[in-house]
Amino acid sequence: MNTNTRKHRLSLAVALVIGLLPSQAFAASQDATFELYPHCIEREGKDDEWIFGPIPSPGIVVETRDIEGVRCSSFEVQDPQTLRTRPLKPGDILDIDLVIDNPSKQPINRVRTWLSYDPNMLGGEAVTINKKFSLVTPDEKGFSRDEGYVKMEASTDGKTVNDEKILFARIQLRVIKTNPIGTPITFHDVQPNGHSVIMEKSGDEESYIVKEEPGVLLVTFLDDGLSSEEDTENDDIGNIFDSEPDTDVEPEPEAEPEPEPEPEAEAEPDPNACLRDEDCGDGTCTAGQCEQKPALLSNGASCSYDDECESGLCGSGICVPNLSDEPTNEQQVAQGPSGERTAFSLLQIRNTRVTTDGSSVFLAWDHLRSSQLKAYTVYYSKTSGRYMQRRTIDKSENSLTLRSLEPGKRYYFAVRALSKKDEESAFSREVSIVVGDPDSSSAPLVAGSISTGPGKNPVANLIGDGGPVPVPGETGLPSAMALFLIGSAVVGTTFASRRQFVVSDFKPHE
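Under the numbering used here, the letters of the sequence shown match residues 8 to 517, in that order.
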């Protein structure tokens with residue numbers, strides 16, 4: 008066997024081993040982060056062409072160049088979680104570059120970012136998204152003054168971007184008014200399926216790859232008592248090189264010194280000013296001001312978000328209880344009817360099953376037999392009994408596939424039915440599974456374990472591999488006996504009719 012033949016066979020063996028490796032072996036790593044920088048005039052193409060056009064006036068970044076190109080600056084570090092701008096004054100433009108740090112050079116195809124800011128302190132000027140992300144989501148490229156967000160979402164047109172530093176967008180904000188402590192700019196809702204995500208695409212699946220929540224950019228302002236101009240009243244350029252004063256010119260009489268103005272009282276710091284939620288005690292920090300959390304709503308009250316409810320769950324516009332707080336069917340019957348609850352709320356979905364493959368989870372259950380059924384709601388999270396995410400599907404479906412979940416983490420699932428009056432049933436039995444490990448399922452999903460429709464045996468294949476289990480349902484007389492009785496009745500009726508005809512005295516022709 009010559010050397011070339013041996014190398015050829017070795018190459019085929021290596022290719023075969025790589026092809027047999029599971030796709031999970033090359034799973035995306037969560038190491039990407041969002042970063043904010045002062046806008047830098049990066050040269051691209053000709054000398055008079057820049058990636059996002061010329062710097063605005065007055066500029067925030069000083070352009071510095073060397074032989075090899077342009078050197079860019081960074082914001083000052085105030086603490087490990089906070090960056091700080093240079094002091095600004097009303098009318099200045101804060102020019103920011105939103106950059107993605109991608110140390111593993113993963114193929115990124117979609118980015119979504121919401122930046123929270125105080126619209127009373129800063130005004131939106133312009134948002135420009137890199138042309139590499141050409142598919143911009145409608146209504147997510149600009150400023151929402153009423154909400155106080157800069158909304159941006161865009162994806163690539165089939166291709167991916169795998170640079171180590173990826174410039175995603177340029178944001179320009181104008182200073183409207185100032186305060187002594189500054190105003191923060193923060194990233195909103197950084198989590199999978201949230202409002203700030205970085206998605207990597209491998210094959211047909213997207214993966215969330217943000218490593219950790221970014222820090223805060225603190226916009227600082229000049230004090231009102233300070234002036235950026237130098238005081239030149241006492242400068243006398245003509246006398247700099249004179250050794251003796253000019254005696255021919257009579258000195259002008261010195262003007263009486265004006266009385267010094269009384270120092271203005273220092274403005275008291277705003278007690279509600281904040282940078283993070285931790286600065287507000289029990290409240291939340293919104294646009295640089297502490298806001299007290301409103302009282303939580305009880306179960307059954309109208310709601311819009313989960314965090315408005317005592318239970319932490321808002322379903323179909325009303326606060327619903329946690330699985331741990333949900334009473335059993337026997338307790339609900341003992342309590343009797345209350346409010347507008349109907350018998351639908353006592354129903355419970357049965358036979359919930361779950362399995363997994365890669366980063367996807369497959370959930371199924373038996374159909375609920377109710378004429379009032381409108382849809383199913385699947386609740387899930389990484390915490391047992393406290394479901395922070397949900398998915399609603401049509402009543403004709405009794406299975407759901409959840410994709411791009413975090414491999415190696417245990418997720419918990421429960422299902423509720425939704426009536427035509429938007430009333431939810433009781434929770435199903437909770438099931439759980441570790442994503443990527445089918446053997447970890449608390450209720451495995453196997454062939455034949457779910458009843459898929461009317462006429463199917465709901466207990467088939469549940470007691471082993473012996474095939475369907477017959478369910479007796481015969482009622483009434485056997486078929487042979489029923490046919491005998493019907494025939495006897497027909498024969499008896501015939502004989503009785505003939506006898507009646509023979510003995511009759513009626514003569515129709517007389």
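Backbone N, C-alpha and C fix where the C-beta goes; we use that ideal spot for every residue, glycine too.
Fair warning: this is a prediction, and the values are worked out from it, not measured in the lab.
Confirm, please, whether the CB-CB distance from SER209 to PRO114 is below 9 Å.
yes
Among VAL217, LEU180 and CYS79, the one whose alpha carbon lies nearest that of ARG119:
The residue with the shortest Cα to Cα distance from ARG119 is VAL217.
Three-state secondary structure assigned by DSSP to THR390:
It is coil, neither helix nor strand.
Take ILE136 as the anchor and find which of ARG177, ILE400 and SER81 has the nearest alpha-carbon.
ARG177
Determine the closest residue to TRP372 out of THR408, VAL223, GLY392 and LYS428, with distance taken between C-alpha atoms.
THR408
If you draw a straight line from the C-alpha of ASN405 to the C-alpha of THR359, how long is it?
10 Å
Take the Cβ of ASN464 as the centre, count every other Cβ of all protein chains shown within 10 Å, and call the residue buried at 16 or more, exposed below.
Below a pLDDT of 50, predicted positions are generally treated as unreliable, and ASN464, at 43, falls in that range; the measurement from the model is reported next regardless. Of the other Cβ atoms in all chains shown, fewer than 16 fall within 10 Å of the Cβ of ASN464; this residue is therefore exposed.
Helix or strand or just coil, what does DSSP make of ARG398?
strand
Close beta carbons around LEU490, own chain, < 8 Å, minus the five adjacent residues each side
none
With 16 other Cβ atoms within 10 Å as the buried cut-off, status of PRO562:
No answer is possible for residue 562: it lies beyond the span of the chain, which begins at 8 and ends at 517.
Between the Cα of VAL84 and the Cα atoms of TYR44, VAL157 and SER367, which residue gives the shortest distance?
Distances from the alpha-carbon of VAL84 to those of TYR44, VAL157 and SER367 put TYR44 closest.
Decide if PRO328 is buried, meaning its Cβ has at least 16 other Cβ atoms within 10 Å, or exposed.
buried
For GLU437, which of helix, strand or coil comes out of DSSP?
coil
Close beta carbons around VAL143, own chain, < 8 Å, minus the five adjacent residues each side:
ILE136, GLU160 and ALA161
Whole beta strand (DSSP E) runs in the region 118-152 with 3 or more residues, listed along the chain?
The qualifying runs are 129-136 and 142-151.
Assign ARG423 to buried or exposed, taking buried as 16 or more other Cβ atoms, counted over all protein chains shown, within 10 Å of its Cβ.
buried
Contacting residues, own chain, Cβ-Cβ under 6 Å from LEU105 (five flanking each side not counted):
The residues are PHE175 and ALA176.
Considering only their Cβ atoms, is the gap separating SER203 from PHE369 smaller than 9 Å?
No.
Distance check for ALA350 and ASP196, CA to CA, integer angstroms please.
38 Å
C-alpha distance - ASP125 paired with THR293, whole-angstrom precision:
8 Å
Would you tell me roughly how many angstroms separate the C-alpha atoms of LYS138 and CYS47, rounded to the nearest one?
17 Å
For LEU452, I'd like the list of residues in its chain whose CB is within less than 7 Å of its CB, leaving aside the five on either flank, ordered along the chain.
Once the five neighbours on either side are set aside, the close Cβ partners of LEU452 are ARG360, VAL361, THR362, PHE369 and ALA371.
In angstroms with no decimal places, state the Cα-to-Cα distance between PRO445 and SER432.
28 Å
Select from SER388, GLU413 and GLY295 the residue whose C-alpha is nearest the C-alpha of ALA421.
Checked all of SER388, GLU413 and GLY295; the closest Cα to ALA421 is SER388.
Work out the CA separation of LEU129 and ILE100 for me, nearest whole Å.
9 Å
Closest Cα partner of TYR215 within the set ARG410, GLY222 and GLU430:
By alpha-carbon distance to TYR215, the top candidate from ARG410, GLY222 and GLU430 is ARG410.
Cβ separation of VAL182 and GLY98, assumed to be a contact under 8 Å, to the nearest whole Å
Your pair VAL182 and GLY98 checks out as a contact, with CB atoms roughly 6 Å apart and the cut at 8 Å.
Bridge-paired residues (DSSP) for ALA280
GLN296
Exposed unless 16 or more other CB atoms sit within 10 angstroms - verdict on ASP472:
Reliability of the predicted coordinates at ASP472 is poor, the pLDDT of 43 falling under 50, and the value obtained from them is presented with this limitation in mind. By the 10 Å Cβ count, ASP472 comes out exposed.
Span of the beta strand (DSSP E) holding GLU207?
Residues 204-209.
Give me the Cα-Cα distance between LEU122 and GLU285, rounded to the nearest whole angstrom.
The straight-line gap from Cα to Cα measures roughly 19 Å.
Which of the three DSSP states, helix, strand or coil, is assigned to PHE228?
strand
Have a look at GLN396 and GLY319 and give me their C-alpha separation to the nearest angstrom.
For GLN396 and GLY319, the distance between alpha carbons rounds to 11 Å.
Out of curiosity, what's the CA-to-CA distance linking LEU353 and LEU303?
25 Å
ALA424 by DSSP, collapsed to three states: which one?
strand
With a threshold of 7 Å on Cβ separation, who are the neighbours of PRO63 within its own chain once the five nearest residues in sequence on each side are excluded?
Any answer about PRO63 is weak, because its pLDDT of 42 lies below 50 and its placement is not dependable; what the coordinates show is given next. Cβ within range, chain order: ILE100, ASP102 and GLN179.
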